[in-house]
Amino acid sequence: MGIIQKSQLKSPWVLHYDCSSCNGCDIEILASLTPVYDIERFGIINTGNPKHADVLLVTGGVNRRNARVLKNLYNQMPEPKVVVAVGSCACTGGVFYNCYNILGGVDQVIPVDVYVPGCAARPEAIIDGVVLGLQKLKEKTQMKSEEVAK
Amino acid sequence: MRELVIILLVLIAAPIVGGLLSGIDRIITARMQGRVGPPLLQPFYDVGKLLGKERILVNQRQVLWAIGYLALVITSLAMLCLGSDLLIIVFVMAFAAICFVLGGLSTKSPYSHIGSQRELLQMLSYEPVLILLAIGVFLQNKSFLVKDIFARPEPLLFSLPLVFVAVLLILTIKMRKSPFDLSTCHHAHQELVQGITTEYSGPYLALIELTHWYELVLVLGLVVLFWAQPIWAGLLLALAAFFIELVIDNICARMTWSWMVKLTWTVGIILCLVNLGFNLI
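Those sequence lines, one after another, are chains A and B. What the first sequence shows, in the numbering used here, is residues 62 to 211, in sequence order. What the second sequence shows, in the numbering used here, is residues 776 to 1056, in sequence order.
Put into structure tokens, the structure is as follows:
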């Protein structure tokens, strides 16, 4: 595994976007940054800038207005990137499924790599989700380098 | 020939030292906050990851200014290590910072514009103290050359103590530590969505990170000048100053630009003028 690929696994920068979440999952995500869970051990930094981020953590269900914003943020992130849907609302719409304004889970708008269910998702589950997302990132870069080699 | 070796050493060793210092910075900050912190080589992993990202540019001028910033910081660091004119080094540092500012201003993002204006205000705050430092050195040595500082038997710290305190004040600004981390914040700060570096991503952000490592070594080099003989004492002084900056970073919150300008222009300049006045008498 090259240096760059190793670095990609060791330094995932996270962009956290709240669609229409009740903030329960957001609080759990921010709690992961605090000393109890301390995800900076894994090199994870919470950046507010999509251009600097590798992992997009999305909470909350998607409605028509924030679908535009979510697509905009996703497009601004440079490859390789991973999307993690945190919480049942981001996965499928949760309790708000079939509401008149909710389009459903995040995968209605952008491709999702990891689903982390829960209401609210526990920080341990969120961290597991991000680690799983990094494995998918590794697979993506490997597939890409195989394509380029062909 | 010897100069070429020094320049090559600076080019290769300075970013490694700067990156390690950056890593130590993050670990000590984490321990002060009750956390474990990332591994020591984390800044290198960050730069490696950034180099592997897709290349997204807003316009071509951005990269030009980032490369200018890198080139001028390397130039001023090389000049410092070759022992040349301290005043010219201060001016080259100013040009480097201007390149950084123009890089931020070259896009239309309001965040990077505010970050650039704040960076200009930071420059406004620290340039007077740097120039007074050069003047203080001239009044002591009758020469601006860094070579002559190393030729002095007595450390500059004894004749320029108040200037040293003022330099510690602006070291906080140059290292982008609270309370003066206004323009672009290094880790996890989202007041201005990363300020000047908002529109930089991937390999271009890696370039700026690299430049920040060179700049860290450069400003700590300015602190080493205060105790040039023996040089290990100067290096210890620089490490102590580095540690003090980390403590200040962790106990202070970010302040406003007007407070920063007021503080540095009153306390900084008055300390320097009092010291120089005493030296003239």
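The C-beta atom is built at its ideal place from N, Cα and C for all residues, glycine as well.
- Contact holds between the segment 825 to 835 of chain B and the segment 978 to 990 of chain B, because three or more Cβ pairs, one in each stretch, are under 8 Å apart.
- The alpha helix (DSSP H) runs of length 4 or more contained entirely in the segment 124 to 194 of chain A are, from start to end of the chain, 125 to 137 and 149 to 153.
- LEU985 of chain B is not a Cβ neighbour of LEU816 of chain B, given a cutoff of 9 Å.
- Between the beta-carbon of SER958 of chain B and that of ARG893 of chain B there is about 4 Å, and that keeps the pair under the 8 Å contact cut.
- Given a length threshold of 4 residues, each whole run of the alpha helix (DSSP H) inside the segment 991 to 1034 of chain B is given here in chain order: 1006 to 1026.
- At a cut-off of 9 Å, the C-beta of LEU935 of chain B has no neighbouring C-beta in chain A.
- In the three-state reduction of the DSSP assignment, TYR78 of chain A falls in the strand class, which pools E and B.
- Comparing alpha carbon positions, the residue from A:VAL191, A:GLU208 and A:VAL156 closest to LYS71 of chain A is A:VAL191.
- By the 16-neighbour rule on beta-carbons within 10 angstroms, TRP74 of chain A is buried.
- Straight-line measurement puts the Cα of GLU200 of chain A at about 36 Å from the Cα of GLY843 of chain B.
- Just measuring C-alpha positions, the residue of B:LEU796, B:PHE925 and B:ILE873 sitting nearest SER891 of chain B is B:ILE873.
- Proximity to ILE906 of chain B across B:THR882, B:ILE863 and B:SER881 peaks at B:ILE863, based on C-alpha coordinates.
- Under the Cβ criterion of 9 Å, ALA805 of chain B is counted among the residues facing chain A.
- Closest in C-alpha terms to PHE933 of chain B, from the list B:ILE1006, B:TRP1002, B:GLY1043 and B:GLU1020, comes B:TRP1002.
- Contact between the segment 791 to 810 of chain B and the segment 138 to 151 of chain A is absent: fewer than 3 CB-CB pairs across the two stretches fall below 8 Å.
- For TYR98 of chain A, the closest C-alpha among the options A:GLU185, A:SER206, A:ALA210 and A:LEU195 is that of A:GLU185.
- At a Cβ-Cβ threshold of 9 Å, GLY823 of chain B and LYS67 of chain A count as neighbours.
- Partner residues in the beta bridge of ASP860 of chain B, as assigned by DSSP, are B:LEU920.
- Nearest CB-CB separation between PHE103 of chain A and chain B: below the 9 Å threshold.
- The alpha-carbon of PHE875 of chain B is positioned some 18 Å away from that of HIS113 of chain A.
- Put simply, the CB of GLU1020 of chain B is far from chain A, with every gap to its CB atoms at 9 Å or more.
- In this structure, PRO96 of chain A lies near ARG810 of chain B, with their beta-carbon atoms less than 9 Å apart.
- Under DSSP, THR120 of chain A takes part in a beta bridge, and its partners are A:ASP79 and A:VAL147.
- If you check the CB distance, LEU908 of chain B and VAL940 of chain B do not come in under 9 Å.
- In the DSSP assignment, THR947 of chain B falls within the unbroken alpha helix (DSSP H) covering 936 to 949.
- ILE971 of chain B carries a helical assignment under DSSP once its states are collapsed to helix, strand and coil.
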